[in-house]
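Here the structure comes first, spelled out in structure tokens, and everything after it is commentary.
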């Protein structure tokens with residue numbers, strides 16, 4: 632497939648904040664509010680369009696890709712890594728497109744920032760994503776527990 636990675640605009644953000652994931656991934660659902668749209672527009676977010684101009688997914692980088700409470704555990708202290716986050720349109724989840732989507736983002740940001748060190752944070756229950764990240768070379772470097780008892784795994788790729 633052909634993809635375009637573009638800076639986030641309001642139309643893409645409005646689509647993304649209304650995506651609905653099935654449980655247990657519903658934790659990733661956004662609330663569809665104007666505030667959620669504004670966050671996507673004012674932070675380091677990028678939309679990914681497929682060849683049909685459908686919003687296929689999104690990436691975020693830097694602090695936007697970090698879980699704020701992780702700072703209390705010093706998991707983001709090493710600034711040599713570029714933090715990356717991602718979201719795949721729910722209609723494409725489970726269709727074998729995740730590896731291509733992740734690799735597309737890594738290649739894009741490697742070229743854009745001349746950085747080959749990436750870090751991401753993932754919830755521990757998301758075994759599908761963790762397996763995929765490991766498959767493309769990410770390794771667990773840390774973890775932390777949020778106030779709500781959710782456990783986050785921090786992974787990196789050099």
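Residue numbers (my numbering): 632 to 789. From the three backbone atoms N, C-alpha and C, an ideal C-beta is built for every residue, glycine too.
Open item on the list: I need the DSSP call for residue 776, collapsed to helix, strand or coil.
Closed with: Residue 776 sits at position 145 when you count from the first residue of the chain shown. In the structure shown, residue 776 sits in a strand (DSSP, three-state: E or B).
Open item on the list: One question on the structure: do residue 718 and residue 643 come within less than 8 Å of each other, judged by their Cβ atoms?
Closed with: Residue mapping note: residue 718 aligns to position 87 of the chain shown, counting from 1. Residue mapping note: residue 643 aligns to position 12 of the chain shown, counting from 1. Not in contact: residue 718 and residue 643 (Cβ atoms no closer than 8 Å).
Open item on the list: For a test of the three-state rule: what should DSSP assign to residue 654, helix, strand or coil?
Closed with: Position 23 of the chain shown, counting from 1, holds the residue named residue 654. Coil.
TODO: In the DSSP assignment, find the unbroken beta strand (DSSP E) run with residue 790 in it and report its ends.
DONE: What is shown of the chain runs 632 to 789, which leaves residue 790 out entirely.
Open item on the list: The alpha helix (DSSP H) that contains residue 722, what's its start and end?
Closed with: Reading the chain shown from its first residue, position 91 is the one you call residue 722. No alpha helix (DSSP H) contains residue 722, which DSSP labels as neither H nor E.
Open item on the list: Assuming residue 750 is part of the beta strand (DSSP E), what are its boundary residues?
Closed with: In the chain shown, residue 750 corresponds to position 119, counting from 1. 749–754 is the extent of the beta strand (DSSP E) around residue 750.
Task: C-alpha gap between residue 683 and residue 704, whole angstroms - done: Translated into positions along the chain shown, residue 683 becomes position 52. Translated into positions along the chain shown, residue 704 becomes position 73. Their backbone Cα atoms lie some 42 Å apart in a straight line.
Open item on the list: Just to check my reading of the structure: residue 754 and residue 710 have Cβ atoms closer than 8 Å, yes? What is that Cβ distance to the nearest angstrom?
Closed with: What you label residue 754 is simply residue 123 of the chain shown in a count that begins at 1. What you label residue 710 is simply residue 79 of the chain shown in a count that begins at 1. Wrong, their Cβ atoms sit about 24 Å apart, outside the cutoff.
Open item on the list: Quick check on residue 683: does DSSP put it in helix, strand or coil?
Closed with: Numbered from its first residue, the chain shown carries residue 683 at position 52. Reduced to three states, the DSSP call for residue 683 is coil.
TODO: With a threshold of 16 other CB atoms inside 10 Å of the CB of residue 756, please say whether the residue is buried or exposed.
DONE: Working through the chain shown from its first residue, we reach residue 756 at position 125. Exposed is the call here.
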